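This report refers to the structure that appears directly beneath it.
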Amino acid sequence: MEPPQGLIVLTDFLQLTVAGLSQGSVYALLAVGLIAVYTVRHVINIAQGEFAMLAGLGSVWLTAAGMPLLLAILVAILSVTLVAIAMDRLIIARVKKLTPLISIILTLGVSTLLQAIMLLAWGPEAKGVPLFPGTNILIGGVSIRSQEFWMIGALVVVGGGIVLFYEKSRWGKALRACAEQPVAARIVGISPVAASVLAFAIAGFVGGVAGVVASPIYLSLWSGGVLLGLKGFVAAVLGGFVSFRAAIVGALLLGMIEAYVAGYVSSGLRDGAAFLILILVLVVRPQGLVLKPTAVRV
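So, in structure tokens, the structure goes:
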């Protein structure tokens, strides 16, 4: 006997919700990296998506060379973190009068450079990291892939860890001080150079994590970082570019909305939904999901 139509509809809805939450977790990690940099340097980092693709393709290459999966992932994430720091010290820090517009141009140039390097190094084909250890679970007709648990878990551990870092740690409070009162922060001895390096390190780290956990399902491609980074940007806008929590919530909502549009309307409109949300937010509520667009929030 076939299950009731209402049960089938509910199962489909829950299946799409799981897919949206896992994809939204990746957007959330990228949004965290964007906000971490912007709150300290007022730099809109267009290359954030390339950090994810670089880590994914690097992990694929290292595992193909015989390196154990876990070690390959750790090396790739660390390498991307160092690339982000080098980007700050060699490019961003060299500009004396850095405005958001100039930062967009600079990071767009870095994004294009990284794309060219990835294309030359690993070719135009999409590649995926091997699936992480785990077991797929079937609950009430809803299939949850083990990799989706890893994607959501990465957000909980890494994203939650960064929120706690900003709330509880001395360095996190120093970063918030640099964002809220940069002159006062210098007076009390907080180094803007160290704060900038740490902010870019966070951006590179979370970008790398996002890239490797998403790669087994969504694959890594030399040009894939552009769209992925823009989705993270939409989530950051939903957070008003100041609130990690609001950006994470916005990213999860964005992932679910994309999944519902793809499932119920058309998969071709999936990406368009994200940018429609961006336009609506910028027109109707520029501060995003934040109640007051004031100081940096976590």
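In this text, residue positions in the sequence shown follow the numbering used here: the first is 2, and each later residue adds one. Think of the CB as a built atom: it goes at the ideal place given N, C-alpha and C, for glycine as much as any other residue. Small disclaimer: the values here were computed from a predicted structure and weren't measured.
- If you draw a straight line from the Cα of THR100 to the Cα of SER267, it is about 39 Å long.
- In the structure shown, ILE78 falls within a helical segment according to DSSP collapsed to helix, strand and coil.
- Under the criterion of beta carbons closer than 8 Å, ALA204 and CYS179 do not qualify as touching, at roughly 15 Å.
- The C-alpha of GLY289 is placed about 8 Å away from the C-alpha of ALA247.
- For LYS128, the pairing in a beta bridge is given by DSSP as SER221.
- Taken atom to atom, the span from the alpha-carbon of ILE145 to that of ILE92 is near 42 Å.
- Burial is judged here by how many other beta carbons sit within 10 angstroms of a residue's own beta carbon; THR136 has fewer than 16 and is exposed.
- Under the three-state reduction of DSSP, VAL243 is assigned to coil, being neither helix nor strand.
- The stretch 23–30 makes contact with the stretch 228–246, as at least three CB pairs between them are under 8 Å.
- Beyond the five residues adjoining it in sequence on each side, TYR39 comes within less than 7 Å, by CB distance, of ILE45 and PHE242 in the same chain, given in chain order.
- By the beta-carbon neighbour count (other beta carbons within 10 angstroms, threshold 16), VAL194 is exposed.
- Under the 10 Å beta carbon count, ALA29 is surrounded by 16 or more other beta carbons and is classified as buried.
- Between ALA155 and VAL210, the C-beta spacing is below 8 Å.
- By the criterion of at least three beta-carbon pairs nearer than 8 Å, the stretch 154–174 is not in contact with the stretch 48–57.
- Minimum Cα-Cα distance from SER216 among the listed residues TRP151, ALA20 and GLY57 corresponds to GLY57.
- Using a Cβ-Cβ distance cut-off of 8 Å, the stretch 252–259 and the stretch 70–81 are not in contact, since fewer than three pairs of beta carbons, one from each stretch, lie closer than that value.
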